[in-house]
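>
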Ligand SMILES: Cc1ncc(COP(=O)(O)O)c(C=O)c1O
Ligand SMILES: Cc1ncc(COP(=O)(O)O)c(C=O)c1O
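Protein chains in written order, with the numbering used here: chain A, 1 to 484; chain B, 1001 to 1484; chain C, 2001 to 2495; chain D, 3001 to 3495.
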């Protein structure tokens, strides 16, 4: 048995256990347990070296980091679902406390009040920002959250319209009836303004059930979901309408127009709003303001790093009445044996560890730590800071937008209002969006995301100052002008 | 009153206090207190800008960091009192815990047991490594520690030889007699092997008292303190002999020969050993092994960063009998009211906050946090790791030494054994050590420290691997060969 | 020190932050980003239609940075965690989370990487994912892993989707997944989510599924068996090879829930058990911290014939370049919005590089030894409570409440009493097929010394504790027994 | 929540690490640094003379990384700290330590900088030191600062050395330093260390030194007065200008202990008080954390005529280049082995840049307001205990034990009882000239809400606590009242 820095037992300790167990050594131990399945000799594993001390490991990854774009010299104007916001130092300091990052899920509330209270505060603050009644303690990310929101809307729709439920929904086994994934053949209307990756994830989730997806067009001019197309597609079996706010192209949807349309239809479909940038709700009206039934989106902008795309922070909110159909954990306030305030998970009977096959979701491990980061972040921002930062994002994006248009090399895709993200097309056919992004990257700028041959989605956050913005405009001009 | 992120009181809160105090505003407040001294308007301060949000501040220092040698591409072979050792990640994680870095000195032991126990462990481990009876809870750095050690030796010498004390040592005032700084005219012998910066600090400390300093030569061949010169200089009024181990030039001193000489002289001088690299004591015999009376040196190599030279970690140890003359804080083990183990500062009557002008030192704030870092570091190293790392340092330095000699462009200054540091001279007169260091720096190597026109002091630690060492040798060859 | 780690000490209570505010106070300063004064003065109305503009800002706390920091520092102190206590939560593999891995994952250039950065700029990152795949393949004997799934349950869902698609494309209608009664709740839930009907099969008396029992459940409707190995009783599924054969003969697939991979990593390959699909919980076996609930990473691996079903995108390697590809013909599609939980995966990768082939097999060896040490010693203490007395367990062991109940102590009370002794309780009342289950997983990063104290505590609790004291437990904690019934009766989910 | 933050909770006891080891275990792995096997096998004897080689390795713990980490995590939880409690330790300025400053000081390229890196490579670092000097000069009105001193006491020593050298070079033999009785212990100790004889002068009834009293102490032997302003009673030395005049007229100098600079930073310049030399404790006024005892930084500033006496080296600026220079003609020499405690200074610099000229004066304004709020309210609660009832204090206030003693509670007991209420005690029994002194410094980073709770706690302690309870305090802490007498009788200073 090799000694290794993470093993507290010495060779002698290990020998002692072997002798207590009356087993001679590793070979006998495993053979006794696993029978005739062959043992491997790990020493022969070819994909691994012998092991690494900490210094070598540090140098190894340091080398890797040095080969990546240098964070401190690379301006990021890409959004598309993940935004480059600044993370105050207090968050990392607090989250690096073992008590936050090394416990398990708070199954024993008496020794987990810290995480539970932080999550309760997260739920409360997120609910305020979204204007929703109730927000859960996190989902994986915006996409998974939205897919689960659609499943939930199907369940709700079935409950509200029992006659619309399909054939046999009886349990075929000792699990109670399958509630996660209703076997309905309803129609889900999804705006084309939804993030395309989210759309893919939804398809993966919905793919194996009877429900169908139809998309609702965007207005070519404004970039908002087309009201008349929605009207056209609102049929009798539409269970759900999904809108992203601001939408993938950065455009602020007119939820005030969309929602009445949806909710006045009968049988009433569920109005599900998503967002990849809830920072927008510091400036624009939140989903709850427009009577959204469910909100499901991404909360990574709140105190989390981009992490090359994960882990992120799935936000999930709903109207109070729907709480029992929500997926994921919810922290509630209660009392302890001495009648003092205490926090614990509530409504666990929705969840897989109690309800198993009939749970409202399969989610178990979620993204709690990211939610705690968000709780710290929003606390630091405070009421005033959140609003002001949001406004700053709005301004920076608009300044960049104006500057880019002024170069004469860009054309806006849409006329609709936007928050901190917008879509442009490049006016020189000799250079594709992809090539443009590559060329810009050579100059230390991640210019955005390609959304069409010549279409580019650009965002700005407080991490982009006027120098960065000027540099973007100058570099873009140079590149497009000289493209041939 | 401006709102600022570090101020929890709102404008209203501040107004409330003003009204409670019956004061109108800032102007009145300060004028009432300070009378006719003019108030300044901070807004007009020219050396400051308006203030910085965290993001701007971060970017500001990030910019500065980018202009410094990139730690990840710069090999450091400079020692000379501060060594470039690797710091395991666990240390930073633990030290970043608020409970370690944001308390004050543990004046209230009941709420400071964490720091106290950690310091007790530090004292214990440092005492083991140095072979000394007792080590205190830290000094500022090796130089200050050594200067205080010399003062302590003077006090001890006076106590041991009361007839040798000078004229009137009576208190002239209501402070008890001045013990920190004995007005003696004794002689302090200091080996020329002492770090020159330490020597300067000692001179600053000793400068205003009657004691005199004389240096003891190094043997030109071995680089060790010259026994015959020491013998020559050991006179009746020598209170103290100071030797650094390994000495400034990296040479291991033959303490086994020096100590008997010192201690057999009568009246007996105090044998003070210093070190800037106590990592050596994983391989070589520690000061205590040679019956050192006091050890005073630098402990920064244990889990601390170089920090451009500060804060460092002053180590101070002594024989048990001398504990009451030691400077600085000492943690001791005791019992609490329920007879359970508890820790607290002991022998505080030595210290300035009790004894004021008659304390054994003026030190108050010390370098506790650096000592706690060392405690964590030595715990992680553990018995085996400390020894092995020490040996690794020895090997790397010797391999580098051999490689450099092999280039034919270097000549050793001394023949004595060394640990992880050695002195060479450059064999091409066309290039000075200074120029050599500059040229090497251009190649990403901090080659060492200039110790003479053509002399260079070079060290190696576990942070220098064979690639770095090869690169050093190759680059050195190129530079010296082509120097003209 | 005390005989047991649990003692009483000074805590600091803390109000909700929303109650600590003062009007206008805020814990950040807003950058001006170089905006001109004229721009700084502008309002939302200058940019967007008034109808969109939020009038009532969200009611967030109004606190300074010091107030917020003190709040969360105090909160944190109310948590137990792996770094503060022995945390033998069964089936959770609460091993030590190495600090160097946290440091590496927090390197600026890594944590601030946008997922849609062009591939040629992120080659080293793609290479990590590519190489980690090869390592997991060699460790399991399977042929390709996808890192899309964000946690174990998502991995199960992904695996089941693959099964679904496999049969769909084969034109076979199979909608049953066989799942042992000891399975984790996510197994049936994921099956249902993927559109299957989970059917429960009973564990045999020896603590594992008997091959012969499986036969009874078979039909042409059975798509797969979803088997946790070792199972949540800590018992190795001895018949696994035979079960795989039976399933394959039935035209069905074998899914293994690999959450307990820590039990044999580096010593046995799952390919040798006939496994077709597995998910590995990197946040368990591969040491990434659990974060008080997440995030995780649930890599899914498959045998060769299922490679083309894996989610999009994946990292391809062609002509010396790594790329994000979506060209798998039968892919089940996208599971996550971006490539993977890279921030988690990276720590797992650093962990496996640290261990290397020289130390990896010792992980499971010591994990199994430690669990058996507890099983053996606790089996003596809790006489009659070890349902599998004569068997060696793997990484965890499970006891009934028999012995303690005879002394009037319930499993729940044991759990709460252990807290006062300074230990996190084991997993309790799971799996369901063990009466009052107490499920203990020590992991390889705990010492005999620690386990001995834990065992002593259980002995004291089981045999020297009065019911009245048990009812009042835990008594040292900040909050005493939490009223869960009340919490559910009147849900209060925000302030 | 509870009315007061102090409540009881679950702690974890922890043995000395040396008792937790197991033979051969170790918490690091040794790199091979690319050494060949033949080199790896070598022993010390292959390199150095046998006589030097240590035979018995130091007896250090033998523990794994998890064991060490858990140990120190547990230890840490036994500490009170600014981030967890109100810490109104008088004259210690326990303000909030901004996290961003910690982050900046831990940037790789900064923390790993060798002090002897050639100057042309470290220009930005030297510029920081240079610029910080200018800022401190403008804030104080003095003409140059040295950053050599490692803490406040070292700053005092440096200042006193300057005084010493000044008179030596002038050929005047002056060896007395006048020091008020309320001065911090370091003042007389530093004076003695610098070769002076400290002479104590009495504080007047109004809490400050009366100019007329100073006259009585004057002689040609008086080198300087060393005056803390505001003094440790929190009282501004109202006569300071006059005292300076008197001293200067006597040919003596005026040294100000600037540890309490937080009281008027940004509102008053010390040059306007006639100060010749000052030390500023950057670890107090400038927000750098105190680290449970240190490190600190005690920058020393002087008026123009003393610039040439400052320690070596210093940062010079010539022809666009920053350099380390040692060319000051009358320099007292070197105080520290390298330039300064840069790791501390940098945080202080970041702090002052954060505040800027827009916020800096609010620091002292709110610090003074908060202290006066406590003074006023507590003065009512502790009737008769405020020795300077009708005066405004500055950053801190001080009370006698009169009111509480009437109720049988001593200052020490008040301190220990406050702990149970969840507050760090104020500084107690200092300064000596106040009976049973209770010295409270809230700083500007605490809220009225927090102070109100603290005041309520004192009220309860002073008037509703039984002596028997007081004697047993603190009772919530891990260890109860620590036996300091025993500790000193039989010193045990290592395991
Ligand atoms: C056996 C088993 N399977 C699956 C899971 C689910 O994994 P996750 O929580 O990562 O979704 C768990 C986690 O507790 C488990 O123990
Ligand atoms: C008034 C005063 N002067 C001097 C000092 C000494 O400063 P330091 O502890 O940094 O040496 C202190 C520190 O407590 C102090 O309060």
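We put the CB at the ideal spot given by N, CA and C, even for glycine.
Tell me which residues of the segment 3114-3129 of chain D have at least one Cβ-Cβ distance to chain B shorter than 9 Å, keeping chain order.
3114, 3115, 3116, 3117, 3118, 3120, 3121, 3122, 3123, 3124, 3125, 3127 and 3128
> Using the beta-carbon of each residue, which ones in chain C are nearer than 9 Å to residue 3478/D?
2007, 2008, 2009 and 2010
> With a threshold of 8 Å between beta-carbons, can residue 2027/C be considered close to chain B, or not?
yes
> On the criterion of 16 or more Cβ atoms from any shown chain inside 10 Å, does residue 2192/C qualify as buried, or is it exposed?
buried
> What residue range does the beta strand (DSSP E) around residue 1410/B cover?
1410-1412
> Contact between the segment 2111-2129 of chain C and the segment 316-332 of chain A: three or more CB pairs below 8 Å?
no
> Measure the CB-CB distance between residue 1188/B and residue 1239/B and report whether it falls below 8 Å.
Yes.
> Say yes only if the C-beta of residue 2397/C is nearer than 7 Å to one or more non-hydrogen atoms of ligand 1, and no if none qualify.
Not so, every heavy atom of ligand 1 lies at least 7 Å from the Cβ.
> Can you look up residue 1214/B in the DSSP assignment and give me helix, strand or coil?
In the structure shown, residue 1214/B sits in a strand (DSSP, three-state: E or B).
> What is the DSSP secondary structure of residue 2139/C, reduced to helix, strand or coil?
helix
> Quick one: measure Cβ to Cβ for residue 1086/B and residue 1463/B, integer angstroms, because I've assumed they're closer than 8 Å.
5 Å
> Please state whether DSSP places residue 1170/B in a helix, a strand or coil.
Here residue 1170/B scores only 43 on pLDDT, less than 50, and its place in the model is too uncertain to base an answer on.
> Using only the alpha-carbon positions, how far apart do residue 1277/B and residue 1450/B sit?
19 Å
> Under 9 Å between beta-carbons, which chain B residues line up against residue 3410/D? List them in chain order, please.
Those do not exist, as residue 3410/D stays about 15 Å from chain B at its closest Cβ, beyond 9 Å.
> Any beta carbon of chain C sitting closer than 8 Å to that of residue 3449/D?
yes
> In chain order, which beta strand (DSSP E) runs of at least 3 residues are fully inside the segment 1094-1163 of chain B?
none
> Can we count residue 365/A as close to ligand 1, meaning its CB is less than 7 Å from some heavy atom?
The answer is yes for residue 365/A.
> In the DSSP assignment, find the alpha helix (DSSP H) that holds residue 2298/C and state where it starts and stops.
No alpha helix (DSSP H) holds residue 2298/C; the beta strand (DSSP E) holding it covers 2298-2302.
> Across which residues does DSSP place residue 3373/D in a beta bridge pair?
Bridge partners of residue 3373/D: none, in fact.
> Taking DSSP as the reference, what is the three-state secondary structure of residue 317/A?
strand
> What are the partner residues of residue 2277/C, as DSSP defines its beta bridges?
2255/C and 2302/C
> What does residue 50/A touch in chain B if you count any residue whose Cβ is under 7 Å from its own?
Correct list: empty, because the minimum Cβ distance to chain B is about 16 Å.
> Near residue 3265/D, what residues of its chain come up, given a Cβ to Cβ distance below 8 Å and the 5 sequence neighbours on each side ignored?
For residue 3265/D, the CB contacts under 8 Å within the same chain, skipping 5 residues up- and downstream, are 3139, 3285, 3360, 3361, 3363 and 3364 in chain order.
> Give the single residue among 2460/C, 2336/C and 2341/C whose Cα lies nearest to the Cα of residue 2297/C.
2341/C
> Residues in its own chain within less than 6 Å of residue 292/A by CB, not counting five upstream and five downstream?
271 and 273
> How do the segment 404-411 of chain A and the segment 472-484 of chain A stand: do at least 3 beta-carbon pairs fall below 8 Å, yes or no?
yes
> Decide if the segment 1074-1094 of chain B is in contact with the segment 3014-3023 of chain D; the criterion is three or more beta carbon pairs, one per stretch, under 8 Å apart.
Contact between the segment 1074-1094 of chain B and the segment 3014-3023 of chain D is absent, because fewer than three Cβ pairs lie under 8 Å.
> Less than 7 Å between C-beta atoms, sequence neighbours within five positions excluded: which residues of the same chain meet that for residue 1229/B?
1216 and 1217
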